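Everything below concerns the one structure shown next.
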Amino acid sequence: QKEVEQDPGPLSVPEGAIVSLNCTYSNSAFQYFMWYRQYSRKGPELLMYTYSSGNKEDGRFTAQVDKSSKYISLFIRDSQPSDSATYLCAMSPRLNNDMRFGAGTRLTVKP
Amino acid sequence: DVKVTQSSRYLVKRTGEKVFLECVQDMDHENMFWYRQDPGLGLRLIYFSYDVKMKEKGDIPEGYSVSREKKERFSLILESASTNQTSMYLCASSPPGRGEQYFGPGTRLTVT
Chain A
292 QKEVEQDPGP LSVPEGAIVS LNCTYSNSAF QYFMWYRQYS RKGPELLMYT YSSGNKEDGR
352 FTAQVDKSSK YISLFIRDSQ PSDSATYLCA MSPRLNNDMR FGAGTRLTVK P
Chain B
415 DVKVTQSSRY LVKRTGEKVF LECVQDMDHE NMFWYRQDPG LGLRLIYFSY DVKMKEKGDI
475 PEGYSVSREK KERFSLILES ASTNQTSMYL CASSPPGRGE QYFGPGTRLT VT
């Protein structure tokens, strides 16, 4: 079993839809949780960074962490075609070390 | 904004060649990382460095070495390239006391 599981998709939604992306994990020591967006042939770009459980909102993006269920989510409201990308979850037990990534979910937002 | 640059976007090398991939960051970050990214496998850590001249093995260090002579520069070396090292290579850096990493644009390496 992988430490971090992420549905690879692909996921296709119409413009304006609410998108839900999820990851589950097995290591209860994870405390730092991140979501990255990666456009085709580019490096990952940090979207959201949260510590421990709870919610964090930034514009159209909301990250949720449920440590009791070992489950994290990224919600995208009013999705746009420019949101079409691969989304990677990442998590680590300590600062700057042992970061584990999901395999990524490929999202397409259709106009 | 943090800027992480990598020396090449695309590289084609022959089996057995020695390959150098360079990464430079401009934010005075102490921590730097090298990953490879393969379809279905996600990102896997090859090596990381906490400071100049310091290095630590990641999950898949075999066939690779690294060099960090200056704080802003972290080099990945493939001593003798093999076809199974064909991959996307990503460099990242992170500031002290923070958990997030900032990535470069990646180098797509093909070994024939």
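The listed protein sequences correspond, in order, to chains A and B. Here our numbering is used: position 88 in the first sequence is 379, and no number is missing along the way. Here our numbering is used: position 50 in the second sequence is 464, and no number is missing along the way. All residues carry an ideal CB built from backbone N, CA and C; glycine is no exception. Owing to the predicted nature of the structure, the values given are computational and were not obtained by experimental measurement.
Is there a Cβ of chain A sitting closer than 7 Å to that of B/GLY472, yes or no?
B/GLY472 does not count as touching chain A.
With a CB to CB cut of under 6 Å and the five nearest residues on each side skipped, what residues in its chain are close to B/VAL433?
Answer for B/VAL433: LYS427, LEU492, ALA495, listed in chain order.
Below 8 Å, how does it come out for the stretch 326 to 333 of chain A and the stretch 364 to 382 of chain A: are there three or more Cβ pairs, yes or no?
These segments touch.
Could you check where the beta strand (DSSP E) with A/TYR330 kicks off and where it finishes?
Element bounds for A/TYR330: n/a, residue is neither H nor E.
Would you identify the three-state DSSP class for B/THR524, choosing helix, strand or coil?
In this structure, B/THR524 counts as strand in the three-state DSSP scheme.
Please list, in chain order, all residues of the same chain as B/LYS417 whose beta carbon is under 8 Å from its beta carbon, the five residues on each side excluded.
Cβ neighbours of B/LYS417 beyond the five flanking positions: GLN439, ASP440, MET441.
Residues in the same chain with beta-carbon distance under 7 Å from A/SER340, minus the five sequence neighbours each way, listed in chain order, please.
Strictly speaking, residue 340 of chain A in this sequence is Tyr, with Ser absent from that position. If we look at A/TYR340 and ignore the five residues flanking it on each side, its Cβ neighbours are MET325.
List the DSSP bridge partners of A/GLY386.
In the sequence on display, residue 386 of chain A carries Leu and not Gly. Answer is none; A/LEU386 lacks a bridge partner.
Identify the continuous beta strand (DSSP E) that holds B/SER508 and give its terminal residues.
Taken as a continuous stretch (DSSP letters only), the beta strand (DSSP E) holding B/SER508 covers 501 to 508.
Just the chain B side, please: which residues come within less than 7 Å of A/GLY334 by C-beta, in chain order?
Residues of chain B passing the Cβ test: LEU504, PHE517, GLY518, PRO519, GLY520.
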